[in-house]
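Numbering (the UniProt record's numbering), first residue to last: 1 to 216.
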């Protein structure tokens with residue numbers, strides 16, 4: 001098993017991960033965590049990428065953050081530690097390989113291995129920073145800037161300038177309407193920041209630089 005997990009180089013801990021972890025493969029769009037689900041394992045991304053979303057009572061999703069290889073979800077750690085149901089949805093963005101660590105082992109390793117404890121602490125810090133950023137974006141940024149940031153993050157996450165995504169999917173993840181997204185995308189196309197095709201968006205390779213200029 002090949003694992004790239006921050007802070008974890010302890011051969012004994014790596015051996016424990018191999019011994020007790022269970023690997024699962026997920027296809028693009030396949031749920032990994034559902035709202036209300038009681039988690040029996042802590043999911044660690046080995047390959048691929050995952051988007052974590054908050055779902056309201058009407059079934060609308062709001063994107064919180066992405067997970068890359070070697071990362072896990074802070075909310076899932078909390079749910080495992082408190083035996084409470086998940087408040088978020090996690091969905092594979094591409095073909096994704098996940099290592100499931102049993103809850104009992106997570107609790108045991110937190111007390112036994114300093115590197116696992118550091119990994120958990122780092123996860124909480126990074127993921128909560130990402131959630132605070134998502135809240136700030138909603139509260140303080142205009143929708144056109146949020147849309148630009150969404151396109152940049154998705155392009156970086158999937159390592160491609162060609163995004164296969166519908167206007168409705170974008171609207172759902174940004175918490176707005178499809179009409180608003182379509183109108184803003186057309187404006188971006190007029191500014192030659194993107195090219196639009198049916199269910200595809202091509203973004204410029206310097207879009208992140210332009211976003212930084214807009215955000216100043």
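The beta carbon of each residue, even a glycine, is placed where N, CA and C say it ideally should be.
Nothing here was measured: the structure is a model prediction, and the numbers come from that model.
For residue i, the three-state DSSP class (helix, strand or coil)
i	result
residue 11	helix
residue 216	Confidence at residue 216 is low in this model, with a pLDDT of 49, below 50, so the placement of that residue should be treated as unreliable; the coordinate-derived value is given next. Residue 216: coil per DSSP, three-state reduction.
residue 159	coil
residue 123	helix
residue 30	coil
residue 150	helix
residue 58	coil
residue 136	helix
residue 75	helix
residue 141	coil
residue 129	helix
CA nearest to the CA of residue i, picked from the options
i	options	result
residue 170	14, 110, 151, 17	151
residue 62	84, 46, 88, 48	88
residue 81	92, 90, 124	124
residue 55	175, 207, 179, 38	175
residue 29	128, 134, 50	50
residue 64	138, 57, 155, 7	138
residue 165	146, 130, 131, 202	202
residue 45	185, 205, 6	6
residue 147	183, 39, 40, 86	183
residue 173	13, 79, 153, 190	153
residue 11	35, 113, 38, 74	113
residue 130	79, 86, 33, 53	53
Where the beta strand (DSSP E) through residue i begins and ends
i	result
residue 55	50-55
residue 195	194-197
residue 201	200-203
residue 41	41-47
residue 89	88-92
is_contact[residue i, chain C] using C-beta, thresh 7 angstroms
i	result
residue 60	Of the chains in the structure shown, none is chain C; there is only one protein chain.
Enclosing alpha helix (DSSP H) for residue i [first to last residue]
i	result
residue 110	103-112
residue 176	Premise fails: residue 176 is in no alpha helix (DSSP H) and is neither H nor E.
Legend entry - the region 12-29 in contact with the region 55-71 per 3-pair CB rule at 8 angstroms: Contact between the region 12-29 and the region 55-71 is absent: fewer than three C-beta pairs spanning the two stretches fall below 8 angstroms.
Inset, instruction - Mind the definition here: the region 118-133 touches the region 90-101 only if three or more C-beta pairs lie below 8 angstroms; say whether that holds. - result: The answer is no - the region 90-101 does not touch the region 118-133, with fewer than three Cβ pairs under 8 angstroms.
Inset, instruction - Decide yes or no for the touch test of the region 103-113 against the region 153-173: beta carbon pairs closer than 8 angstroms, at least 3 of them. - result: Segments in contact, no.
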